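Trainee:
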Amino acid sequence: MRILVIGKSGQLARSLAVRAEGQSDIEVVCVGRPDFDLEDVSTFVPVLSAVRPDVVINAAAHTGVDRQEDEPARAFAMNAEAPGVLAKLTAESGIPIVHVSTDYVFDGRAVRPYVETDLPNPQTVYGRSKLAGEEAVRRGNADHLIVRTAWVVSCYGSNFVKTMLKLAEARDSLQVVADQHGNPTDAHDLADGLLAAARVRRDRGRFQQSVYHLAGSGRASWFELATCVLHASEALSGPCAAVEPISSRQWPAKAERPMNSELDCEAFFRDFGFRAGAWQDRVAAIVAAIGEAKANVCGGALGS
Ligand SMILES: NC(=O)c1ccc[n+]([C@@H]2O[C@H](COP(=O)([O-])OP(=O)(O)OC[C@H]3O[C@@H](n4cnc5c(N)ncnc54)[C@H](OP(=O)(O)O)[C@@H]3O)[C@@H](O)[C@H]2O)c1
Numbered sequence: 024m025r026i027l028v029i030g031k032s033g034q035l036a037r038s039l040a041v042r043a044e045g046q047s048d049i050e051v052v053c054v055g056r057p058d059f060d061l062e063d064v065s066t067f068v069p070v071l072s073a074v075r076p077d078v079v080i081n082a083a084a085h086t087g088v089d090r091q092e093d094e095p096a097r098a099f100a101m102n103a104e105a106p107g108v109l110a111k112l113t114a115e116s117g118i119p120i121v122h123v124s125t126d127y128v129f130d131g132r133a134v135r136p137y138v139e140t141d142l143p144n145p146q147t148v149y150g151r152s153k154l155a156g157e158e159a160v161r162r163g164n165a166d167h168l169i170v171r172t173a174w175v176v177s178c179y180g181s182n183f184v185k186t187m188l189k190l191a192e193a194r195d196s197l198q199v200v201a202d203q204h205g206n207p208t209d210a211h212d213l214a215d216g217l218l219a220a221a222r223v224r225r226d227r228g229r230f231q232q233s234v235y236h237l238a239g240s241g242r243a244s245w246f247e248l249a250t251c252v253l254h255a256s257e258a259l260s261g262p263c264a265a266v267e268p269i270s271s272r273q274w275p276a277k278a279e280r281p282m283n284s285e286l287d288c289e290a291f292f293r294d295f296g297f298r299a300g301a302w303q304d305r306v307a308a309i310v311a312a313i314g315e316a317k318a319n320v321c322g323g324a325l326g327s
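Just so you know, my numbering puts the end of the sequence shown at 327, numbered straight through with nothing missing.
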């Protein structure tokens, strides 16, 4: 099965490439800018014609949550219109499309994990553009799968784990928001889940339902996540710092984050047989991988 992944350098795109390595039934081809540009839909057909995929996974998006508050037109073009065009083109060629969406489609006011049938109510430009992307994909290609994920972390690109490690190199203590909760998700787990879903689609000939949730197992606040990162780092003699819990009111952001964006992932497990690992274990492994990569570059220990 040849899978065209839209995106090359992002956390999910790189994870899909790594996790497909050595799997005899899967070939992953990642295509990013400039060959496939969400801001230039004329690049789509040449890539689809050249790769001739069995399935397309869209791992590309405008992910700058705060920046998008100032550039809503660009956010909607990249996160909604472009996926809609891609969905139509894949439908014309009979290719299923897997599109990745976000917990930010919800307002975060629920007092339990969100299930797929809960009503979205996005509070940010990012969340609204991603919800519009879900609708555009649904309209464009009946053979689609929309997977909402959350709090993606990995040893690649930019993410919260890397930010905490970098800040700890320069500071003795960090203030981190403790009243927002979600599911930290290892990008490798997300990639494994999407590959599992693509296999099920190949074997059954269809997706069971339109939207699923897939995120890491277990609930955390940003404060708990930061604490876990820095404990893991300290255990490896890497950068460490004290972590002080603060409220979101003390850390105002341009785009308001959901207070609770926990996702219920039981439907994904039921239909695709995949569950993401416990976030604490995954975070420890990511911190170790970042340390190893750094040691290889620096020729020294983590943090040196
Ligand atoms: N990160 C999170 O916490 C999080 C949470 C919930 C949902 N998600 C969703 O998960 C998906 C993957 O996120 P991620 O964390 O892997 O994102 P990321 O690390 O920020 O990577 C973004 C990807 O988008 C691509 N991209 C950006 N602008 C592009 C353009 N104009 N044309 C083509 N590609 C472009 C980049 O491609 P290049 O390779 O060309 O640079 C990169 O591969 C996204 O749909 C995101 O909305 C992420």
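From the three backbone atoms N, C-alpha and C, an ideal C-beta is built for every residue, glycine too. Nothing here was measured: the structure is a model prediction, and the numbers come from that model.
(1) Could you confirm whether any beta carbon from chain D is found closer than 8 Å to the beta carbon of Pro281?
(2) Between Arg280 and the rest of its own chain, which residues show a CB-CB distance below 6 Å, the 5 nearest in sequence each way excluded?
(3) May I ask you to report which of helix, strand or coil DSSP gives Ile49?
(4) Can you tell me where the beta strand (DSSP E) holding Pro268 begins and where it ends?
(5) Please confirm whether Asn102 and Ala114 have their CB atoms less than 8 Å apart.
(6) Report the CB separation of Val176 from Thr208 in whole angstroms; it is logged as a contact under 8 Å.
(7) Measuring only the C-alpha atoms, how far is Gly87 from Arg25?
(8) Nearest-angstrom Cα distance between Arg242 and Gly131?
(9) Roughly how many angstroms separate the alpha carbons of Asp335 and Asp212, rounded to a whole number?
(10) Mind checking Gly323: buried by the 16 CB within 10 Å criterion, or exposed?
(11) So is Lys189 buried or exposed if we call it buried at 16+ other beta carbons inside 10 Å?
(12) Is there at least one non-hydrogen atom of ligand 1 closer than 7 Å to the beta-carbon of His85?
(13) Can you pull the DSSP bridge partners for Asn283?
(14) With burial defined as no fewer than 16 other Cβ atoms inside 10 Å of the residue's Cβ, what is the status of Val310: buried or exposed?
(15) I'd like the span of the beta strand (DSSP E) that includes Tyr235, first residue to last.
(16) In this structure, does DSSP put Val68 in helix, strand or coil?
(17) Smallest Cα separation from Ala155: which of Phe129, Arg135, Val138, Pro136?
(18) Just to check, is the beta-carbon of Ala82 closer than 7 Å to a non-hydrogen atom of ligand 1?
Mentor: Quick look at the numbers:
(1) Reference to chain D is not applicable here, since this structure consists of a single protein chain.
(2) Within the sequence shown, numbered from 1, the residue matching residue 280 stands at position 257. Only residues of its own chain outside the window of five on either side were considered, and among them Gln203 have a CB closer than 6 Å to the CB of Arg280, listed in chain order.
(3) Looking up residue 49 in the sequence shown gives position 26. Residue state, collapsed to three classes: coil.
(4) Position 245 of the sequence shown, counted from the start, is the residue given in the question as residue 268. According to the DSSP assignment, Pro268 belongs to the beta strand (DSSP E) that extends over 265–269.
(5) Reading the sequence shown from its first residue, position 79 is the one you call residue 102. Reading the sequence shown from its first residue, position 91 is the one you call residue 114. Contact flag unset, no.
(6) As a working mapping, residue 176 is identified with position 153 in the sequence shown. As a working mapping, residue 208 is identified with position 185 in the sequence shown. Val176 to Thr208, Cβ: 7 Å. Contact.
(7) By one-based count along the sequence shown, residue 87 stands at place 64. By one-based count along the sequence shown, residue 25 stands at place 2. Counting only the Cα atoms, Arg25 lies some 30 Å from Gly87.
(8) Counted from its first residue, the sequence shown places residue 242 at position 219. Counted from its first residue, the sequence shown places residue 131 at position 108. Spanning the two alpha carbons is a distance of roughly 14 Å.
(9) In the structure as shown, the chain begins at 24 and stops at 327. Residue 335 is therefore absent and cannot be evaluated.
(10) For the purposes of this step, residue 323 is taken as the residue at position 300 of the sequence shown. Low local confidence applies: a pLDDT of 43 at Gly323 is under 50, so the model's placement there is unreliable, with the coordinate-based value given in what follows. So Gly323 counts as exposed.
(11) In the sequence shown, counting from the first residue as 1, residue 189 sits at position 166. Classification for Lys189: exposed.
(12) Looking up residue 85 in the sequence shown gives position 62. Yes, ligand 1 has a heavy atom inside 7 Å of this Cβ.
(13) Within the sequence shown, the letter at position 260 stands for residue 283. Per DSSP, the beta bridge partners of Asn283 are His204.
(14) Here residue 310 corresponds to residue number 287 of the sequence shown, with the count starting at 1. By the C-beta density criterion, Val310 is buried, having at least 16 other C-beta atoms within 10 angstroms.
(15) Position 212 of the sequence shown, counted from the start, is the residue given in the question as residue 235. Where Tyr235 is concerned, the enclosing beta strand (DSSP E) stretches over 234–236.
(16) As a position in the sequence shown, residue 68 is number 45, starting the count at 1. Val68 carries a helical assignment under DSSP once its states are collapsed to helix, strand and coil.
(17) Translated into positions along the sequence shown, residue 155 becomes position 132. Among Phe129, Arg135, Val138, Pro136, the Cα nearest to that of Ala155 is on Phe129.
(18) Start at 1 with the first residue of the sequence shown, and residue 82 comes out as number 59. Yes, Cβ of Ala82 sits closer than 7 Å to a heavy atom of ligand 1.
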